[in-house]
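A.B. asks: Counting with the working numbering, you get residues 10 to 90 for the letters of the sequence shown. Each residue gets a CB set at the ideal place from its N, CA and C atoms; glycine is no exception.
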Amino acid sequence: MAGINMFELFEWLQSRPKLVKDAFTTGRLKDDIITNEYKQKRGHVASAVECYMKQYGIPRQETVEKLKVMMEDRWNLEVRE
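#1: Kindly indicate which three-state DSSP category N93 falls into: helix, strand or coil?
#2: Please confirm whether E81 and L28 have their CB atoms less than 8 Å apart.
#3: Could you compute how far the alpha carbon of M62 sits from the alpha carbon of G12?
#4: Relative to the C-alpha of V78, which candidate in V54, K50 and L38 has its C-alpha closest?
#5: Give the straight-line distance between the Cα atoms of D40 and V73, rounded to the nearest whole angstrom.
#6: Just checking my contact of I43 with L76 at CB under 8 Å: how many whole Å lie between their CB atoms?
#7: Please state the DSSP three-state secondary structure of A55.
#8: Considering only their Cβ atoms, is the gap separating R83 from T34 smaller than 8 Å?
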């Protein structure tokens, strides 16, 4: 990548600025939503979907909708900052 100091970029990512943390969290939640059913069939560890369902006693689809709202709210906060 021309003109980009990869060391400085790596150092910046390692400092985990709020934007990077929020992007990681959003990506993790999206992955959990998309792969939850498949991973549960294979006996993988609990995902955010499973944990939320258990904690609040709500069905999968409602959980997915709530997690999507959380991701959208987080994104909107990030855009405003």
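C.D. replies: So, from the data block:
#1: Here the chain covers residues 10 to 90 and nothing more, so residue 93 does not appear.
#2: no
#3: 47 Å
#4: L38
#5: 11 Å
#6: The Cβ separation is near 11 Å, so there is no contact.
#7: coil
#8: yes
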